[in-house]
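First up is the structure itself, then whatever we jot down about it.
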Amino acid sequence: MNKFGFAISQGRQLNFDEMKSDKADRLLEVEPSYKWCIGCGGCTASCSAAGFTDFNIRRIHTAFIRGQYDGLEEKLRRCMLCGKCLLVCPRGVNTRSLIINMRRLLHD
Amino acid sequence: MTDEIFNPFVLPFLAGVAFLLIFSVWKYWRWIRGFDKLQRTVIRKNIFSWRFLPAIWESVREGLLHWRITKKNLLLGYMHRSLAFGWFLLIVVGFFQAMFAFPEGHHFWMAIFFNYFEPSHDISYPHAEFMANLMDVLLIYVLSGLLLAMFKKVWSRPMGMKRTTRHTLMDRVAKLALWCIFPLRLLSEAATSALYGNGGFMTRGLGNFLAEIGIADPTFALSCWTLYSIALGLFFCLMPFTRYMHIFTEIFLIFFRQLGVTDGDKKTGYTMFELSACSRCGICIDGCPMNRELGIVNMQGVYMLQSIRNLELQKNAESLAENCMMCDRCVADCPVNIDLSVIRRQVRIRSKADIDTHDGYGYLKNVQPFNAMSRVVYFGGCMTHLTPAISAAMERIFAAAGQKYWYMDKEESICCGRPLLQQGFENQAFELRRKNTEMIVGSKATMLVTSCPICFQSFTKEYKLPIPVMHHTQYIDMLLREGRLKVRHDDRRVAYHDPCELGRGCGVFDEPRRVLEATTTLLRTDEEREHSLCCGFNMGNPLLNLEQQTLVRNAARDNLMACNPDTIATACPMCKKAFAHADNVPVKDIAEIVAANII
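Line by line, the protein sequences are chains A and B. Under my numbering, the first residue of the first sequence carries the number 1, and numbering increases by one thereafter. Under my numbering, the first residue of the second sequence carries the number 109, and numbering increases by one thereafter.
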């Protein structure tokens, strides 16, 4: 189905009572510039790794902030930290620091 | 008194020397055992070679004469030299003096406390008068350095230092002991001279004065000598725990370095030598852009090394190491040439997050090299994709020079790995290096040209490629010299910004300037070459926010704009991006300027 360009999306509802936000809070603490993110996806559009694979940094940081950590760590390893997203970001979010800190928090 | 060869007052001194000797031999032995395999092999291979000669010369030049500090500031150099070289000469000349005075031999403390043990306290041995006066001159030399050191504590600016190091308590106590040693020596010698009239012109003069005011007392003299001995002993006992350990360690470091030992990704015994060779002079603080523009003064080389060395501060080491732009300004300034950036990277290694990557870059498997036999590989680098004018200019230059090329990362770009390495992900960086090496070697190309200084430093220092690697400024310079590219000279006045990674990182200063001089009028700026300022937007520091980066950038911009140029030229896509909207002046890469001026 993926190859077809269509896929059936999973349900996107979040249950706030079950949502884990401790790591997200700590991420915002160490990298406050993430608060400015408007989710424009410029980071994903400029990404070197995304040229080869379905690595999608916007999806990853959105999932992280929602507390959906499954498989994120492995996905984050695909990032090459080249820093293009940092220069592209219209809001001045320190995306590299965001990625490094997400990895660090997922390990703790 | 005439035949006295020992007095209990020398005991503190002897204890200090014994402690220092045993402790440093044990320390050095442990560190040398901590060398890794490669470092041992290098030492074994080179230990009996001519490399010893430059090592001896450098030890004298840096350990005693402090040449690099003198080049920074004359007064500062004089201060360090007078203390190091002056004290060294006091010891050496003192031993000769004792050799003349005791022809049948003597204990070494009799040379250190010579005026006390001097036979009969007369001057009947060869060269006595001359030696005594020489010792006084040397003591004046050391004392003048001491006065300067005290002056520096109050007002350091005339010594070329805006900011001096904050020292630990231990360092301060040791410094106090050191500062007491030489005045106490003068006082003791004068007190003995007051009794017997021995010594050189200065001690005798002071001795006469003491005698006149009625302090010609053996007990007073003995207590002075005891205090002098205690000061020496205390200093020697504190030495292994303080910055003064650099006195001996620097000599070892110079020898190891000259033998070809380098620091790697892991902390080894050699790193320990580097840590201890830091004299905490604080010269790294003034140049650091983090201090100059952001007022952050806790993470410079001196404090980072201290935090690794000092067990209590070790918990801070990681956060201090992380907060640095890796612009290498401190590496250029360091008078001991400690490889600060390499040590910083060692601390940054994220052992937990950087474990085996489980094929994190497995998606690169299918990327295949192009058959580029007898062509040049052009590696734009990730950042060049965001400044397409640079790669377009390079493609025009290749075409004009009639050079066939393969633009390796035109569509799909693999990072060179240096940004990862800088952040301490060494395994992942290795994976990317392996893939790129496979691509480049597989293409059978003859040369690699890159537009990004970060990639350039990575290719020259971290890769082991079988083909030559050039930054595009070097490549254009070569084309111009060989006459393969003809350019016209226009009337633009250009200020050139040295990218940190290209200039200080790889020592490429002249080629970009030659190319700019061939095409434009190149202006000189106040802080250029090794002293160039960081543009603030490099990949080294993940902690800075946009405002802070902009402050650093503005300082670099002001330095360039001071000479009122028509265009700012640089040789790095990142620097170009940084300056792009900093002023109304256009910002161009050297490749763009050349491409526009091709005849």
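For glycine and all other residues, C-beta sits at the position ideal for the given N, C-alpha and C. These numbers come from a predicted model, not from an experiment.
Counting only the Cα atoms, Arg159 of chain B lies some 40 Å from Ile698 of chain B. The C-beta of Gly11 of chain A comes no closer than 7 Å to any C-beta of chain B.
At a cut-off of 7 Å, the C-beta of Cys523 of chain B has a neighbouring C-beta in chain A. Separation of Val475 of chain B and Ile548 of chain B (C-alpha to C-alpha, rounded to the nearest whole angstrom) is 12 Å. In this structure, Leu668 of chain B lies near Thr633 of chain B, with their beta-carbon atoms less than 7 Å apart. Against chain A, a Cβ distance below 8 Å from Leu654 of chain B picks out Ser33, Gly92, Asn94. Residues are counted here when their Cβ sits less than 9 Å from a Cβ of chain B; for the stretch 13-29 of chain A the count is zero.
Per DSSP, Val168 of chain B lies in no beta strand (DSSP E) segment and is marked neither H nor E. Here DSSP, grouped into helix, strand and coil, assigns Trp287 of chain B to helix.
Distances from the alpha-carbon of Ser566 of chain B to those of B:Leu588, B:Ala509, B:Leu528, B:Phe328 put B:Leu528 closest. Per DSSP, the continuous alpha helix (DSSP H) segment holding Thr379 of chain B begins and ends at 377-385. Pairing Ile457 of chain B with Gly532 of chain B gives a Cβ-Cβ distance under 7 Å. Contact residues of the stretch 68-85 of chain A toward chain B are Glu74, Arg77, Arg78, Met80, Leu81, Cys82, Gly83, Lys84 (C-beta to C-beta distance below 8 Å). Just measuring C-alpha positions, the residue of A:Leu98, A:Leu81, A:Arg78 sitting nearest Trp36 of chain A is A:Leu98. Put simply, the backbone Cα of Gly525 of chain B is about 36 Å away from that of Ser157 of chain B.
Comparing alpha carbon positions, the residue from A:Ala24, A:Leu81, A:Leu76, A:Gly5 closest to Arg66 of chain A is A:Ala24. Contact note: Gly51 of chain A reaches chain B through Glu519, Glu520, Ser521, using a C-beta cutoff of 8 Å and chain order. Residue range 601-604 is occupied by the beta strand (DSSP E) that includes Arg601 of chain B. Under DSSP, Ala677 of chain B shares a beta bridge with B:Tyr604, B:Lys696. For Leu448 of chain B, the enclosing alpha helix (DSSP H) starts and ends at 448-456. Under the Cβ criterion of 7 Å, Ile100 of chain A is counted among the residues facing chain B. Within the same chain, and ignoring the five residues on either side of Leu659 of chain B in sequence, the residues whose Cβ sits closer than 8 Å to its Cβ are Glu401, Leu402, Gly644.
A direct Cα-Cα distance of roughly 11 Å separates Glu635 of chain B from Gly395 of chain B. Within the stretch 312-376 of chain B, the complete alpha helix (DSSP H) segments at least 4 residues long are 326-346, 354-366, listed from N- to C-terminus. Taking a C-beta cut-off of 8 Å against chain A, none of the residues of the stretch 553-582 of chain B qualify.
Selection B:Ala285, B:Gly268, B:Gly307, B:Phe364 evaluated against Met239 of chain B yields B:Gly307 as nearest (Cα-Cα).
Within the DSSP bridge table, the entry for Ile706 of chain B names B:Val595 as partners. By the C-beta criterion, the stretch 307-327 of chain B is judged not to be in contact with the stretch 257-275 of chain B, since fewer than 3 inter-stretch pairs fall below 8 Å.
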